[in-house]
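Sequential numbering from 19 applies to the sequence shown in my numbering. Where a beta carbon is used, it is the ideal one built from N, C-alpha and C, also for glycine. Here's the structure we're looking at; comments come further down.
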Amino acid sequence: MNWQEAVEKTVTGLGYDLVDCERSPAGLLRVYLDKLPEQALAGELINVEDCERVTRQLQYLLEVEGCAYERLEVSSPGLDRPLKKASDYQRFVGEEIEITLRMPFQGRKKYSGVLSALPAETAGADVAAPAEDAPAAAAWRVVFSDGKAEQALDFSLEEVREARLVPVFSFKGRGGKPATGKKTPAKVKAAKTDDKIDGGPDQ
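Here's what the structure looks like:
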């Protein structure tokens, strides 16, 4: 098991949504996690206790699997959470996002607007029989304003270099639900040299 598999197994196994993970050349392992959609809708946010729980379990599993790292950092994704996979986009339909395209469209790469999913009958409707190596049909739309009128940009995930939520500065969760967790992004750091697990993995 490599470190990516260890991270995914730990985070999802403990009942969290794995947002992203990365490893720097210096050996810093960063893990970003979030509550599951149904928990987030109820106003729950990632807090320090969540990060500590995942950190303990990760330290144990990484040591057992012999995955090399120098430091481990587990945190919430922050207010500008990145969107990495299709389920992320589906989860945040109706929210304001900022996307950066791989290739410019109409002279620009960055667009900011409200995310929506294209209906199945609309997505790729102009493509009768795409080849196996053809680009994926657009499945998502961002509605933005150019200062005069609203416009819509349809895109596929393959066309996106980066996508993030536009921060909402509120003491409530997204969707207007009261937030019951900590109000600030949680973060826990752990150095490998300090890894001591009492009683094995967290149950």
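Starting from the Cα of residue i, find the closest Cα among the options and give me that residue.
i	options	result
Leu90	Lys103, Asp106, Val72	Val72
Gln68	Gly165, Ala104, Thr28	Residue identity differs from the one stated: residue 68 is Asp in this sequence, not Gln. When only C-alpha atoms are compared, the closest one is Thr28.
Ala170	Ser130, Phe187, Val92	Ser130
Lys102	Val184, Glu114, Val37, Gln57	Val37
Ala156	Ala167, Asp164, Ser174, Thr30	Ser174
Gln124	Val186, Cys39, Asp172, Asp35	Asp172
For residue i, which residues of its own chain have a beta-carbon under 6 Å away from its beta-carbon, when the five flanking residues on both sides are left out?
i	result
Glu83	Met19, Ala24
Leu119	Lys127, Glu177
Arg182	Asp98, Pro100, Glu116
Val92	Val49, Cys69, Val72, Thr73, Val206
Val132	Glu114, Val161
Arg109	Pro55
Pro185	Leu97, Asp98
With respect to the alpha helix (DSSP H) encompassing residue i, which residues constitute its N-terminal and C-terminal limits?
i	result
Ala86	Unbroken run through Ala86: none, as it is neither H nor E.
Ala104	104 to 109
Looking only at its chain, what residues have a beta carbon closer than 7 Å to the beta carbon of residue i, apart from the 5 residues adjacent to it on each side?
i	result
Leu32	Arg71, Val72, Gln75
Lys195	For Lys195, the predicted structure reports a pLDDT of 42, less than 50, and the residue's modelled location is therefore unreliable. The matter cannot be settled from this model.
Ala138	none
Among the residues of its own chain, which have a CB less than 8 Å from the CB of residue i, if the five just before and after it don't count?
i	result
Tyr87	Trp21, Arg41, Gly45, Leu46, Leu47, Leu80, Lys210
Ser134	Val111, Gly112, Trp158, Arg159, Val160, Val161
Glu180	Pro100, Ile117, Thr118
Tell me the DSSP secondary structure of residue i in three-state form.
i	result
Pro129	This sequence places Tyr at residue 129; Pro is not what is there. In the structure shown, Tyr129 sits in a strand (DSSP, three-state: E or B).
Thr28	helix
Gly33	coil
Ser74	In the sequence as displayed, the identity of residue 74 is Arg instead of Ser. The answer is helix: DSSP assigns Arg74 an H, G or I state.
Gln124	coil
Val186	coil
Leu119	strand
Asp38	strand
Glu62	coil
Return the first residue and the last residue of the beta strand (DSSP E) that residue i is part of.
i	result
Leu59	Unbroken run through Leu59 is the alpha helix (DSSP H), 55 to 59; no beta strand (DSSP E).
Arg48	46 to 52
Asp172	168 to 173
Arg159	158 to 163
Under a CB-based cut-off of 8 Å, is residue i close to chain D?
i	result
Asp68	Included in the structure is just one protein chain, with no chain D present.
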